[in-house]
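Take the position in the sequence shown, starting the count at 1, then add 1058; the result is the number in my numbering.
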Amino acid sequence: MENPVSTSTTTEDAPAPLRTTHPPEERLGTLSFHLDGAICRVNCEYCYLGARPGPRGGARSLDAALMEELIKTLPYKEVAVSLSEPAEMWAHGLKAVIRAARNRDKPVAVTTTLAVARNHIGMLSEATRVNLSVDPAKGPVNVRVIAALSKDLNLPSREVSLIVTLSSPTFCDQLASGMLQQFLELPTVDAVALNGIKPPPPWLDKAYWLQFLSRIQPLVDRYLDRRLFSDCYVHARILGLGPCPGRPDISPGAEFRSCVYQKMPDFEFQAPEELAAKVADYLPPAVCPFKIV
1059 MENPVSTSTT TEDAPAPLRT THPPEERLGT LSFHLDGAIC RVNCEYCYLG
1109 ARPGPRGGAR SLDAALMEEL IKTLPYKEVA VSLSEPAEMW AHGLKAVIRA
1159 ARNRDKPVAV TTTLAVARNH IGMLSEATRV NLSVDPAKGP VNVRVIAALS
1209 KDLNLPSREV SLIVTLSSPT FCDQLASGML QQFLELPTVD AVALNGIKPP
1259 PPWLDKAYWL QFLSRIQPLV DRYLDRRLFS DCYVHARILG LGPCPGRPDI
1309 SPGAEFRSCV YQKMPDFEFQ APEELAAKVA DYLPPAVCPF KIV
């Protein structure tokens, strides 16, 4: 059966069978929202958002009322929001997303930078989980600073995770030489996820990932799938440990992507019922939107 949603092209040759682990009432799995219509102030050179076509007419934010209606009606397990800098621009949209999801008793994960979490902690007060994006492109990586911030953020009702991007061989060396272990041993950090640049640069290929995982083998043995996690394309495509979990994305301009990392949207929509009809038979993409070598 072909995926009726995804129309993106790929250069990977051998698609895996389409599978989904989500029941029908959670068909979309983790439903991702990007509120901003332009690259954020950090402007990481490798950001997958930077590969997306710029919004017609300049930066724009997804309509808050439309987001609330989508979150009220679509079948998903969790909402994930990317909160870019400057964060204050997206405060209204973030509040709308969190309110609508919490009214359905659905968890909400907010991924943002250390600077946003430190300076706008009130905006994160109702999130179920805060994902702190950690890599040198977003500022100095200091374990003690992260420990202090995670202590402030971690509550009985809210988890804290670190999304650690393998952004350069130098940073990978720092991680493998003890920094990753320090992250995993922080008592106020619930999980650490290793994240790859997307699309992956030539140096961050399958061989490099396997070499890196070998370097941190004691941590893998102790923590993998308990406190240490890898991103979807490493877990499913490189290591073959499971199917694509599915992570569709809704972005400014009411654009739907069957995979959050793909450059072009599958389609644009005007109303919640139109989107609901188009994703009624959603399945995770058979292949990643970028080649894995």
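Just so it is clear, CB atoms sit at the ideal spot from N, CA and C, and this is done for glycine as well.
Item                                                                                                                        : Value
Residue(s) in a DSSP beta bridge with E1243                                                                                 : The partner list for E1243 (beta bridge, DSSP) is empty, contrary to what the question assumes.
Nearest residue (CA-CA) to C1346, options E1331, P1306 and Y1291                                                            : Y1291
Residue interval of the alpha helix (DSSP H) (run including D1360)                                                          : Examination of residue 1360 is not possible in this model, given that the chain is present from 1059 through 1351 alone.
Span of the alpha helix (DSSP H) around F1229                                                                               : P1227 to Q1232
Uninterrupted alpha helix (DSSP H) stretches inside the region 1147-1226 (no shorter than 4 residues)                       : 1149-1161, 1172-1177 and 1201-1211
Rounded separation between I1296 and R1085 - CA only                                                                        : 24 Å
Where G1115 sits in the DSSP three-state scheme                                                                             : Interpretation of G1115 is limited by its pLDDT of 38, a score under 50 that renders its predicted location unreliable; the figure taken from the coordinates is listed afterwards. G1115: coil per DSSP, three-state reduction.
Chain-order list of residues whose beta-carbon lies under 6 Å from that of T1223 (same chain, five-residue window excluded) : D1193 and N1253
Residues of its chain near Q1419, where Cβ-Cβ distance is below 7 Å and the 5 sequence neighbours each way are ignored      : The requested residue 1419 is not part of the displayed model; the chain covers only 1059 to 1351.
C-beta atoms of L1242 and V1250 nearer than 7 Å                                                                             : yes
Three-state secondary structure assigned by DSSP to A1312                                                                   : coil
Distance, T1186 Cα to R1305 Cα                                                                                              : 18 Å
Contact under 7 Å by Cβ, Y1319 with K1264                                                                                   : no
Reference L1107; option with closest CA among K1321, K1164 and I1179                                                        : K1321
Limits of the beta strand (DSSP E) - the one that L1262 falls within                                                        : Segment: none, L1262 is in no beta strand (DSSP E) and carries neither H nor E.
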